[in-house]
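*Asks:*
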Amino acid sequence: MRELELFFGPQHLGMVGNFSITLKVEGDRILKADANPGFLHRGFEKLMENRTWMQNFPLVCRINVVEPDHMELIYSMAVEKLAGIEVPERGKFIRSIYCEMARVGSHLFGLWAYANMLGFDTVAHWAMYHRDLLLDLFEELTGARVYHIYLRPGGVRRDFPDGFTDRLVETLHKIGGKVPDYNATFFENSIFKKRAEGIGTVTREEAIRMGAVGHTIKATGMKYDIRKIEPYDAYDQVDFDIPVRTGGDAYSRLLTIRDDMIESVHMIFKLIDKMPKSGEVYTKTPNPFKWTIPEGEAYVRCESSRGELGLYIVSNGGEKPYRVHFNTPSYNHGLTVLEKALVGESVSDVGNIMISLYVVAPEIDR
Amino acid sequence: MEELKKKLLAYFTDLTIQIHDDYRMCINTQKETVVSLLNYLKNMGYEHFALLSCIDWIDKGEFELIYILSAYMEVCDKYQEKEQGIIIIKARISRDDAKVISVINVFENAEPYERELHEMFGIKFEGHPRLTPLMLEREYEIPPFRKDFDTLKYVDNTFGKIPSIEERKANYERT
Chain A
0 MRELELFFGP QHLGMVGNFS ITLKVEGDRI LKADANPGFL HRGFEKLMEN
50 RTWMQNFPLV CRINVVEPDH MELIYSMAVE KLAGIEVPER GKFIRSIYCE
100 MARVGSHLFG LWAYANMLGF DTVAHWAMYH RDLLLDLFEE LTGARVYHIY
150 LRPGGVRRDF PDGFTDRLVE TLHKIGGKVP DYNATFFENS IFKKRAEGIG
200 TVTREEAIRM GAVGHTIKAT GMKYDIRKIE PYDAYDQVDF DIPVRTGGDA
250 YSRLLTIRDD MIESVHMIFK LIDKMPKSGE VYTKTPNPFK WTIPEGEAYV
300 RCESSRGELG LYIVSNGGEK PYRVHFNTPS YNHGLTVLEK ALVGESVSDV
350 GNIMISLYVV APEIDR
Chain B
0 MEELKKKLLA YFTDLTIQIH DDYRMCINTQ KETVVSLLNY LKNMGYEHFA
50 LLSCIDWIDK GEFELIYILS AYMEVCDKYQ EKEQGIIIIK ARISRDDAKV
100 ISVINVFENA EPYERELHEM FGIKFEGHPR LTPLMLEREY EIPPFRKDFD
150 TLKYVDNTFG KIPSIEERKA NYERT
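Taken in sequence, the protein lines are chains A and B. Positions 0 to 365 (numbering that gives the first Met the number 0) are the ones given, in order, by the first sequence. Positions 0 to 174 (numbering that gives the first Met the number 0) are the ones given, in order, by the second sequence.
#1: With 8 Å as the threshold, decide whether the Cβ of B/His117 is near any Cβ in chain A.
#2: Classify A/Thr200: buried if its beta carbon has 16 or more other beta carbons within 10 angstroms, exposed otherwise.
#3: For A/Ile312, is the classification buried or exposed, using 16 other Cβ atoms within 10 angstroms of its Cβ as the cut-off for buried?
#4: With distance defined between alpha-carbon atoms, name the residue in B/Gln17, B/Val34, B/Phe11 nearest to B/Arg126.
#5: Is there a C-beta anywhere in chain A that falls below 8 Å from the one on B/Pro142?
#6: Report yes or no: do the segment 335-353 of chain A and the segment 18-31 of chain A share at least 3 C-beta pairs separated by less than 8 Å?
#7: With distance defined between alpha-carbon atoms, name the residue in B/Tyr10, B/Arg137, B/Gln17 nearest to B/Val154.
#8: In chain B, what lies closer than 8 Å to A/Thr335 by C-beta?
#9: In chain order, what residues of the segment 41-63 of chain B put their CB closer than 7 Å to some CB of chain A?
#10: Taking only runs of the alpha helix (DSSP H) that begin and end inside the segment 180-225 of chain A, which ones reach a length of at least 4 residues, in chain order?
#11: Tell me where the beta strand (DSSP E) around B/Asn108 begins and ends.
#12: With a floor of 4 residues, list each alpha helix (DSSP H) that falls wholly inside the segment 37-68 of chain A, ordered by position along the chain.
#13: Note down the Cα distance separating A/Phe137 from A/Arg130, rounded to an integer number of angstroms.
#14: Less than 8 Å separating the beta-carbons of A/Phe38 and A/Pro9?
#15: Between B/Arg23 and chain A, is the shortest Cβ-Cβ distance under 8 Å, so that the two count as touching?
#16: Can you give the Cα-Cα distance for B/Asn27 and B/Thr12, rounded to whole angstroms?
#17: Under a CB-based cut-off of 8 Å, is A/His265 close to chain B?
#18: Which residues in chain B have a C-beta closer than 9 Å to the C-beta of A/Gly37? List them in chain order.
#19: Output, in chain order, the set of chain A residues within a Cβ distance shorter than 8 Å of B/Met0.
#20: Run through the DSSP bridge pairs and tell me what B/Tyr15 is partnered with.
#21: Do you know how far the Cα of B/Ile85 is from the Cα of B/Tyr22?
#22: Using a Cβ-Cβ cut-off of less than 8 Å, give me the residues of the segment 110-136 of chain A that come near chain B, in sequence order.
#23: Looking at the unbroken beta strand (DSSP E) that takes in B/Gln136, where does it start and where does it end?
#24: Examine chain B for any beta-carbon lying closer than 8 Å to the beta-carbon of A/Arg322, and answer yes or no.
#25: DSSP three-state call for A/His147: helix, strand or coil?
#26: As an exercise, report each continuous beta strand (DSSP E) stretch of at least 3 residues that is fully enclosed by the segment 229-309 of chain A, in chain order.
#27: Is B/Thr28 close to chain A, meaning its C-beta is less than 8 Å from at least one C-beta of that chain?
#28: Please say whether B/Glu110 and B/Ile100 have beta carbons closer to each other than 8 Å?
#29: Per DSSP, what are the beta-bridge partners of A/Thr21 in this structure?
#30: Does the segment 276-296 of chain A touch the segment 188-206 of chain A, meaning 3 or more C-beta pairs lie closer than 8 Å?
#31: Which residues, in chain order, does the segment 40-62 of chain A contribute to contact with chain B at a C-beta distance below 9 Å?
#32: Taking only beta-carbon atoms, is B/Tyr171 less than 8 Å away from chain A?
#33: Ordered along the chain, which non-local residues of its own chain (more than five positions away) have a Cβ less than 6 Å from that of B/Ile122?
#34: Of all the residues that make up the segment 145-162 of chain B, which are near chain A by a beta-carbon distance shorter than 7 Å?
#35: Could you spell out where the beta strand (DSSP E) holding A/Glu124 opens and where it closes?
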């Protein structure tokens, strides 16, 4: 049969985000895939070298559109490490609760993308509605719906409003009550199972070789989670489990994401119980216009909803960072794992595999 | 980490090693040693290639390449022992003759990182099969992430100068 070159994306119905893949196909089978990023490259790492430490926050949170909160967290952690700032105890708990809320919201968004892509419109609408309920809480807490800029070096911007935790628990119960419906219509639906089982399989050896993190490696049975390996904030003070599966295919990845979401909700309840009832939520930092940070370098990492997120930052003792480099989970997944996972699959499964690997294009481009 | 330090110092000659309190090990080395050092560490269990980065030290006329490795840990009990942290390997190369040997034979996922550094800093990775542009669409005289690349000047020259507020006010009053 004749070989054809097929341009998949950025203007394609099956493509989520500004990303493109050049496929070499024979009939319906993919022989070779070339990822082609850069449609959203804004040069943030270069721009950040020309802005002061605090001015960088509006840039940092725009690196990942779906969950800006972990980007704020990692940048704050890096600045704290360079400047030697400690976070107060209550601030740590608020940060953890806030990041788990962001994780649930991000997973719901991912669920929307996946269900929408496969034509499960009902589930997609539920997921979007439930994410909206969380966004309402974010709006009450921070004043913004998507880009919150709530975390800052030294803690969080302000304390929880009165009765906020009660409303949070109520909302999470409302979302959790819908889990059986999600299971019946989507996760245990035989139409979905047939579509996702055995698709885009990545074995344990391949995942390790290609540097996979997050759900791609958890779906192969490995409990690799930075919240356990290198606990930050309040994660060492609560008990939680890391959900894993052993299949390594798209279905296992989706189930890992669902279990992770449920585990996050349970963790928020535990964190609220253990949280100190009063106290400071941030440490005072110097005037942001004159803030110089001592010379040095730091590599910090946290577990975002897509996997291990790292930041390498260098200061030369000035008012601005000297070099910033984000190590985002989608970079490996979108450029290395995706190219390998697509070979031998059908053209109709490209979007399916890409979303199950949880690739977000702005995170690759930065 | 102390044990690993002893082993490394016995095996390689040109290393300076510092261990920081938060389980970060910092290794300074020469660019010729990097590939064999990465191979050695990979066999010691540091299988996760986390990041390849570059810093432009323009005052010294050097690029500093940063390779960051960590370990995949599986069993939950092992987390608490924290035997394995993060290893940061640094090698300096000259800015005028920016060439280094590619590490994709050791770590497969270094491929896009090397492509990006080639595009953004103009470093040539010898042995890399496709050093084609990854993100950018234009050709640049100076690779854009180097310190001597002036973003504002480039924008003014390429897309036209944006008038200042005073000039715009004057134009507005004239019309």
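Built from N, CA and C at the ideal position, the CB exists for glycine as well. In this text, all values refer to a predicted model and were calculated from it rather than measured experimentally.
*Replies:* This is what the structure holds:
#1: Taking the first residue of the second sequence as 1, we reach residue 117 of chain B at position 118. Residue contact check for B/His117 against chain A: no CB pair falls below 8 Å.
#2: Locating residue 200 of chain A in the first sequence gives position 201, where the first residue counts as 1. A/Thr200 should be labelled buried.
#3: Residue mapping note: residue 312 of chain A aligns to position 313 of the first sequence, counting from 1. Taking all protein chains shown into account, A/Ile312 has 16 or more neighbouring C-beta atoms within 10 Å of its C-beta and is therefore buried.
#4: Reading the second sequence from its first residue, position 127 is the one you call residue 126 of chain B. Contrary to the premise, residue 126 of chain B reads as Gly rather than Arg in this sequence. It is B/Val34 whose Cα lies nearest to the Cα of B/Gly126.
#5: On the second sequence, residue 142 of chain B is found 143 positions in, with the first residue counted as 1. B/Pro142 has a beta carbon lying at 8 Å or more from every beta carbon in chain A.
#6: Contact holds: three or more Cβ-Cβ distances are below 8 Å.
#7: Numbered from its first residue, the second sequence carries residue 154 of chain B at position 155. For the set B/Tyr10, B/Arg137, B/Gln17, the Cα lying nearest the Cα of B/Val154 is the one of B/Arg137.
#8: Working through the first sequence from its first residue, we reach residue 335 of chain A at position 336. Under the 8 Å cutoff, chain B gives Glu107, Asn108, Glu110, Pro111.
#9: Here the close residues are Glu46, His47, Phe48, Ala49, Leu50, Ser52, Ile54.
#10: Those alpha helix (DSSP H) runs which fall completely within the segment 180-225 of chain A and span 4+ residues are 189-195, 203-208, 213-217.
#11: Numbered from 1 along the second sequence, position 109 holds the residue referred to as residue 108 of chain B. Looking at the DSSP string, B/Asn108 is not in any beta strand (DSSP E), and its letter there is neither H nor E.
#12: DSSP runs (the alpha helix (DSSP H)) wholly in the segment 37-68 of chain A: 43-47, 56-59.
#13: The sequence position of residue 137 of chain A within the first sequence is 138, counting from 1. The sequence position of residue 130 of chain A within the first sequence is 131, counting from 1. If you take the alpha carbons of A/Phe137 and A/Arg130, they lie about 10 Å apart.
#14: Counting from one through the first sequence, the residue named residue 38 of chain A turns up at place 39. Counting from one through the first sequence, the residue named residue 9 of chain A turns up at place 10. Cβ atoms of A/Phe38 and A/Pro9: closer than 8 Å.
#15: Locating residue 23 of chain B in the second sequence gives position 24, where the first residue counts as 1. Yes, B/Arg23 counts as interfacial toward chain A.
#16: Translated into positions along the second sequence, residue 27 of chain B becomes position 28. Translated into positions along the second sequence, residue 12 of chain B becomes position 13. When rounded, the distance between both Cα atoms is 12 Å.
#17: As a position in the first sequence, residue 265 of chain A is number 266, starting the count at 1. By the rule that beta-carbons nearer than 8 Å mark a contact, A/His265 does not touch chain B.
#18: Residue 37 of chain A sits at position 38 when you count from the first residue of the first sequence. Using a Cβ-Cβ cut-off of 9 Å, A/Gly37 is close to Pro132, Leu133, Met134, Leu135, Glu136 of chain B, given in chain order.
#19: For the purposes of this step, residue 0 of chain B is identified with residue 1 of the second sequence, where counting begins at 1. Those within 8 Å of B/Met0 in chain A number zero; the least Cβ separation is about 14 Å.
#20: Within the second sequence, residue 15 of chain B is the residue found at index 16, counting from 1. Note on identity: in this sequence residue 15 of chain B is Thr, with Tyr being the wrong assignment. B/Thr15 is bridged by DSSP to B/Asn27.
#21: Looking up residue 22 of chain B in the second sequence gives position 23. Looking up residue 85 of chain B in the second sequence gives position 86. Pairing B/Tyr22 with B/Ile85, the inter-Cα distance amounts to about 6 Å.
#22: Of all residues in the segment 110-136 of chain A, none is placed with a Cβ closer than 8 Å to any Cβ belonging to chain B.
#23: Position 137 of the second sequence, counted from the first residue, corresponds to residue 136 of chain B. The sequence given here places Glu at residue 136 of chain B; Gln does not occur at that position. Segment: none, B/Glu136 is in no beta strand (DSSP E) and carries neither H nor E.
#24: Here residue 322 of chain A refers to the residue found at position 323 of the first sequence. The Cβ of A/Arg322 sits closer than 8 Å to at least one Cβ of chain B.
#25: As a first step, residue 147 of chain A is located in the first sequence; it is residue number 148 there, counting from the start. Here A/His147 sits in coil by DSSP.
#26: Taking 3 residues as the minimum length, the beta strand (DSSP E) runs contained wholly in the segment 229-309 of chain A are 295-303, in order along the chain.
#27: By 1-based counting over the second sequence, the position of residue 28 of chain B is 29. Chain A, which has no Cβ nearer than 8 Å to the Cβ of B/Thr28, makes this no.
#28: In the second sequence, counting from the first residue as 1, residue 100 of chain B sits at position 101. In the second sequence, counting from the first residue as 1, residue 110 of chain B sits at position 111. No, the Cβ-Cβ distance between B/Ile100 and B/Glu110 is not below 8 Å.
#29: Your numbering for residue 21 of chain A matches position 22 in the first sequence. DSSP output for A/Thr21 lists A/Phe6, A/Asp33 as bridge partner(s).
#30: Contact between the segment 188-206 of chain A and the segment 276-296 of chain A is not established, with fewer than three Cβ pairs separated by less than 8 Å.
#31: For the segment 40-62 of chain A, which is checked against every Cβ of chain B, the residues closer than 9 Å are His40, Gly42, Glu44, Lys45, Leu46, Glu48, Asn49.
#32: Here residue 171 of chain B is taken as the residue at index 172 of the second sequence, counted from 1. False, the Cβ-Cβ gap to chain A never drops below 8 Å.
#33: What you label residue 122 of chain B is simply residue 123 of the second sequence in a count that begins at 1. Ala97, Leu116, listed in sequence order.
#34: Within the segment 145-162 of chain B, the residues whose Cβ lies closer than 7 Å to some Cβ of chain A are Thr150, listed in chain order.
#35: As a working note, residue 124 of chain A is residue 125 in the first sequence. Note that residue 124 of chain A is His in the sequence shown, not Glu. Counted as a single uninterrupted DSSP element, the stretch harbouring A/His124 is not any beta strand (DSSP E) but the alpha helix (DSSP H) occupying residues 120-141.
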